[in-house]
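Asks: In the numbering used here, the protein residues as written are 2 to 113.
For glycine and all other residues, C-beta sits at the position ideal for the given N, C-alpha and C.
Quick one: structure below, then a few questions.
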């Protein structure tokens with residue numbers, strides 16, 4: 002996450018992760034927030050994952066992340082997509098953690 006490409010990849014993984022995966026990513030970013038604050042992309046990434054809230058109150062962060070994940074699943078159930086269509090026309094279905102992580106890695110490698 003110290004580079005633009007790394008930050009993009011972490012953000013994509015976060016957007017496709019389940020609640021436990023999001024918490025792990027946020028925890029790791031929070032533990033390295035001092036270093037990330039000194040980079041161009043770090044502050045925005047920390048805001049997007051809610052690292053400051055996680056450091057202050059992890060249980061509140063979990064509640065908000067769970068609600069966000071629930072809303073994304075409901076959107077996908079109703080409309081058949083997460084609303085995050087790739088530039089190539091493939092949609093990002095919520096297929097479970099392993100397939101979505103692989104898809105995010107594949108997408109990130111195509112644009113690196």
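#1: Give the straight-line distance between the Cα atoms of residue 34 and residue 52, rounded to the nearest whole angstrom.
#2: Note down, in chain order, each residue of its chain lying with its Cβ closer than 6 Å to the Cβ of residue 62, except the 5 sequence neighbours on either side.
#3: If you measure between the beta carbons of residue 77 and residue 23, is that distance less than 8 Å?
#4: Suppose you measure from the CA of residue 15 to the CA of residue 26; what does that come to, to the nearest Å?
#5: Does the beta-carbon of residue 13 have 16 or more other beta-carbons within 10 angstroms, so that it is buried, or is it exposed?
#6: If distances are taken between C-alpha atoms only, which option among 41, 64 and 69 comes closest to residue 3?
#7: Could you give the distance in angstroms between the alpha-carbon of residue 11 and the alpha-carbon of residue 36?
#8: Should residue 47 and residue 20 be called a contact, given that it needs their Cβ atoms to be closer than 8 Å?
#9: Please report the straight-line C-alpha distance between residue 38 and residue 80, rounded to a whole angstrom.
Replies: According to the structure data:
#1: Indexing the chain shown from 1 puts residue 34 at position 33. Indexing the chain shown from 1 puts residue 52 at position 51. For the pair residue 34 and residue 52, the Cα-to-Cα distance works out to about 8 Å.
#2: Within the chain shown, numbered from 1, the residue matching residue 62 stands at position 61. The beta carbon of residue 62 sits closer than 6 Å to the beta carbons of 51, 54 and 55 from its chain, once the five residues preceding and following it are set aside; these are given in chain order.
#3: Looking up residue 77 in the chain shown gives position 76. Looking up residue 23 in the chain shown gives position 22. In this structure, residue 23 does not lie closer than 8 Å to residue 77 by Cβ.
#4: By one-based count along the chain shown, residue 15 stands at place 14. By one-based count along the chain shown, residue 26 stands at place 25. So the alpha carbons of these two residues sit roughly 7 Å apart.
#5: Locating residue 13 in the chain shown gives position 12, counting from the first residue. Only buried fits residue 13, as 16 or more other CB atoms lie within 10 angstroms of its CB.
#6: Start at 1 with the first residue of the chain shown, and residue 3 comes out as number 2. Nearest option by C-alpha distance: 41.
#7: Within the chain shown, residue 11 is the residue found at index 10, counting from 1. Within the chain shown, residue 36 is the residue found at index 35, counting from 1. Taking the straight line joining both Cα atoms gives about 15 Å.
#8: One-based indexing of the chain shown puts residue 47 at position 46. One-based indexing of the chain shown puts residue 20 at position 19. Not a contact, by the Cβ cut-off of 8 Å.
#9: Taking the chain shown and counting its residues from 1, the one referred to as residue 38 is at position 37. Taking the chain shown and counting its residues from 1, the one referred to as residue 80 is at position 79. Cα to Cα, residue 38 sits roughly 37 Å from residue 80.
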